[in-house]
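Take a look at the structure set out below.
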Amino acid sequence: MFDIDSYFKDFMEKEEIFHERNVLRPEFVPSFLPHRDHQIQKVAEIVACTLKNSMPSNLFLFGKTGTGKTAVIKYVSEHLNQQCRESGIPESKWIFLNCQEVNTGYRVLAKICDEIDPKHPVPIAGWPIDVVFDALIEKINTLLRGNCFIVLDEIDVLVKKARKSQDVLYNLFRINSRLQSTKVNIIGISNVLNFKNELDPRVISSLGDEDIVFPAYNALEIKDILDQRAVRAFFPHALDQSVIPLCAALAAKEHGDARKALDLLRKAGECAERRNAKKVVIDHVYAAQENMEKDKMKEYFEALPLQSKMILLSLFQLEKHSKQGAVITGDIYNTYVELVKFIPGLNKLTQRRVSELIRELDLAGMVNARVKSTGRYGRTKFIKSNIDIKDLKNYLCTEPRLAEIVEIKPASLQNKTTIYAGKQFRKLM
Ligand SMILES: Nc1ncnc2c1ncn2[C@@H]1O[C@H](COP(=O)(O)OP(=O)(O)OP(=O)(O)O)[C@@H](O)[C@H]1O
Ligand SMILES: [Mg+2]
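First residue of the sequence shown? That's 66 in the numbering used here, and the numbers climb one at a time after it.
This is the structure in structure tokens:
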């Protein structure tokens, strides 16, 4: 029988781990940002002139993921607006767009319109682009005063997606010539360092030349960032002292990503909570790390094109059924050729293309390809899946077209047949 009284008693006595869990979430902007003084100062120096009603140059922030670009812009924008309020100056309007989500020129303009005038949304599609642009100018002229900052986060995605979006950027950079009393400033953010090389020279010339680089954090810097958050996020004594240095070291080893470190710390805390532990210890960090790896693999798998998923399906079948243990590119290709016939409308790729896709999967860490010397036969590439076979099957089943064939054992793997010169033959004995 469920003992409700002792349940409540235990619940009351249970030591809590988190004091304010939200402090570890990515959207939380802390009251100061350790190790970003230089970048904060540079952005502040550029946007400060809006306080005296002049126009700053456009700005570009570059740096790998989790290096504080968004956090720095949000931090500066909050402080700038606070200064405006204190000095009785109209606050600047800040519009944040993530080009991963708003990823066409049309949608960028429409979204800016909607941020300025939410009561009269622009249709999701259908207007000619110059009509949306005119609507934007009218809305800015009638509804805004002072400065408006448009932050285009992950701007490289927009540029890569379509050449046409560069025309939109070009017009957006020059919008001020058509505005009456508002000045629009563009802040681009990108984690692709050489992104400017991909731009049209017309767009480059209308960008300001203010680039601010965000270097990756090292382990000690990440430790400071985590220490600052942990004080608020956890109850005193809920964290073993080795937990933060370990989270910092693991995140720094990858590429100095503060977001990853904060996620790891939060998930380690949640793991301790689930296990009813009194303290977060390093075991919880390793468990959280393993789960995060799995989540990352799953997310990566879901975003793969169907052909790459077919390759993983072939590898899955080989690892499941083949007795020899080692899998080579040729085996994968033979199985692939057989399986591809089950998917109507899917073209068969060449062996060369399949090898390229295997190389990409290797780079992404989904498979492990090792070249080994095989004596007088030269060098051969052996491929192994980096995903646990049960997990791989679950991932494959998330793709409806593959879920149907995941259980089919390819004829080439049935003992009675063999493949020779691309054709399948029944073995004689
Ligand atoms: N110097 C710092 N001090 C405190 N927290 C930080 C610092 N830098 C980053 N963070 C935190 O790390 C997380 C990731 O930072 P942010 O979102 O700014 O990264 P980003 O550079 O914009 O990454 P992406 O390119 O993926 O968008 C956020 O929770 C942010 O608050
Ligand atoms: Mg960001």
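Where is the CB? At the ideal position from N, CA and C, for every residue including glycine.
Fair warning: this is a prediction, and the values are worked out from it, not measured in the lab.
Asked                                                                                                                                                                                     : Found
If you draw a straight line from the alpha carbon of residue 376 to that of residue 430, how long is it in whole angstroms?                                                               : 14 Å
Where are the alpha helix (DSSP H) runs, 4 residues long or more, that stay fully inside the segment 71-140, in chain order?                                                              : 102-112
DSSP three-state label for residue 275, please.                                                                                                                                           : strand
Grab me the residues of residue 238's own chain with a C-beta within less than 8 Å of its C-beta, minus the 5 sequence neighbours each way, in chain order.                               : 123, 251, 268, 271, 272
On the three-state DSSP scale, how would you describe residue 408?                                                                                                                        : coil
Roughly how many angstroms lie between the CA atoms of residue 337 and residue 182, to the nearest whole one?                                                                             : 46 Å
For residue 333, which of 86, 70, 247 has the nearest alpha-carbon?                                                                                                                       : 86
Considering Cα atoms alone, identify which of 192, 205, 165 is closest to residue 178.                                                                                                    : 205
So, are the CB atoms of residue 129 and residue 283 less than 7 Å apart?                                                                                                                  : no
For residue 444, write down the residues that DSSP places opposite it in a beta bridge.                                                                                                   : 438
Between the alpha carbons of residue 100 and residue 210, how many angstroms are there, rounded?                                                                                          : 34 Å
Between the C-alpha atoms of residue 461 and residue 261, what's the straight-line distance to the nearest angstrom?                                                                      : 38 Å
Could you name the residues of the same chain whose beta carbon sits closer than 8 Å to that of residue 287, not counting the 5 residues immediately before and after it, in chain order? : 312, 313, 316, 317, 321, 323, 326
Rounded to whole angstroms, what's the CA-CA distance from residue 276 to residue 158? Just pull it up for me.                                                                            : 22 Å
How long is the line joining the alpha carbons of residue 445 and residue 419, rounded to whole angstroms?                                                                                : 16 Å
Closer than 7 Å from C-beta to any heavy atom of ligand 2: which residues, in chain order?                                                                                                : 134, 135, 218, 254
Keeping to the same chain, check which residues put their C-beta closer than 6 Å to that of residue 265; ignore five residues upstream and five downstream.                               : 231
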